[in-house]
Amino acid sequence: MSLLKIGIARDIPEKHLIPAFQAALDGGFSYLEVTMNTPGACKQIKEASREFTGKATIGAGTVTTLHQLEKALEAGARFIVSPIVCKDIITLCNDNAIPVFPGALTPTEILYAWEAGATMVKVFPVGLLGGAAYIKELKGPFKEIKLLACSGVSPQNLPDYIAAGTDGIGIGNRLFNKQWIEKMEYQNIRKIASQYKG
């Protein structure tokens with residue numbers, strides 16, 4: 000199975016979202032997420048879903064309540080990412096055939112999220128607990144659990160994550176760099192995206 004790569008857009012101004020997403024898509028990121036704590040998040044999800052129909056999968060991130068989940072789905076989100084494990088969010092996503100990536104950190108949380116029906120468990124913030132080495136340790140007892148590494152994954156250490164058994168990655172500021180976006184240097188997004196090979 001190829002590595003799942005999710006680009007995480009947080010607080011990107013609306014006028015920059017489409018070109019920034021296009022650059023990430025051109026660089027190999029076909030799953031693109033707008034966090035729900037971004038101003039106008041639902042509008043951005045709706046516009047991106049319309050723009051990238053058949054080209055990329057648009058989702059919602061930082062979903063922590065059922066209300067946010069319902070708003071995201073109404074806007075057209077086709078996958079859901081959360082920084083926490085909320086069984087109700089996971090269940091509703093499963094009921095609607097929507098991939099869901101809840102965030103967990105400890106072995107107990109990770110197993111709970113998986114047994115609740117997670118498509119993949121987002122290990123967040125993985126960089127604070129040893130990065131790829133932590134994923135490798137988790138894969139010892141949890142070979143069957145799909146893990147999405149988030150926070151701290153770079154093009155340089157990605158091979159270590161892949162060797163450790165990582166199933167997916169979530170990339171935020173390293174991909175959607177605020178200075179690049181302000182200067183409309185979208186080519187830098189495409190360049191860095193293409194460096195995440197896997």
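With numbering that gives the first Met the number 0, letter number 27 in the sequence shown gets 26, and the count goes up by one each step, no holes. Backbone N, C-alpha and C fix where the C-beta goes; we use that ideal spot for every residue, glycine too. Every value quoted in this text rests on a predicted model; they were computed, and no experiment measured them.
Selection from the options that minimises the alpha carbon distance to residue i
i      : options                    : result
Gln67  : Asp10, Ser193, Thr34       : Thr34
Phe258 : Leu3, Asp10, Ser1          : This structure does not reach residue 258, given that the chain is present from 0 up to 197, and the question cannot be answered.
Ser150 : Val99, Phe28, Val122       : Val122
Asn95  : Ile134, Ile170, Ile79      : Ile79
Ser81  : Tyr133, Phe28, Ile5        : Ile5
Pro124 : Val99, Gly116, Val152      : Val152
Gln178 : Leu3, His15, Leu2          : His15
Glu274 : Gly27, Gln21, Gly26, Pro98 : Residue 274 is absent from the model: the chain starts at 0 and stops at 197.
Glu69  : Lys182, Leu91, Lys142      : Leu91
Gln155 : Gln194, Ala112, Glu13      : Gln194
Beta-carbon proximity of residue i to residue j, cut-off 8 Å
i      : j      : result
Ile109 : Ile83  : no
Lys45  : Gly75  : yes
Pro106 : Ile89  : no
Ala55  : Val62  : no
Ile7   : Gly60  : yes
Asp87  : Ala131 : no
Exposed unless 16 or more other CB atoms sit within 10 angstroms - verdict on residue i
i      : result
Leu24  : buried
Met119 : buried
Gln186 : exposed
Leu65  : exposed
Glu32  : buried
Thr37  : buried
Gly53  : exposed
Gly26  : buried
Gly58  : buried
Whole-number beta carbon distance between residue j and residue i, since they are thought to touch under 8 Å
i      : j      : result
Leu147 : Ile168 : 7 Å
Arg173 : Ile188 : With 8 Å as the limit, Arg173 and Ile188 do not qualify as a contact, their Cβ atoms being about 10 Å apart.
Ile161 : Gly197 : 5 Å
Leu157 : Leu128 : Not really, about 17 Å apart at Cβ, beyond 8 Å.
Gly164 : Lys135 : 7 Å
Ile180 : Ala19  : 6 Å
Tyr30  : Leu2   : Actually they are not in contact, since the Cβ atoms of Tyr30 and Leu2 sit about 11 Å apart, beyond 8 Å.
Proximity test, Cβ basis, 8 Å: residue i and chain B
i      : result
Tyr133 : Given the protein chain composition of this structure (a single chain), no chain B is represented.
Check: residue i C-beta below 7 Å from any heavy atom of the ligand MN
i      : result
Ile170 : Here there are no bound small molecules, and the ligand MN is not part of this structure.
For this session: Note down, one range per segment and in chain order, each alpha helix (DSSP H) of at least 4 residues found wholly within the segment 56-128.
Result: Runs of the alpha helix (DSSP H) inside the segment 56-128: 65-74, 86-94, 106-115.
Problem set entry | Completely contained alpha helix (DSSP H) runs for the segment 124-181, where each covers 4 or more residues | With a minimum length of 4 residues, the continuous alpha helix (DSSP H) runs that stay inside the segment 124-181 are 131-138, 157-163, 177-181.
For this session: Could you name each continuous beta strand (DSSP E) segment of 3 residues or more that falls completely within the segment 21-55, going from the start of the chain to the end?
Result: Listed in chain order, they are 30-34.
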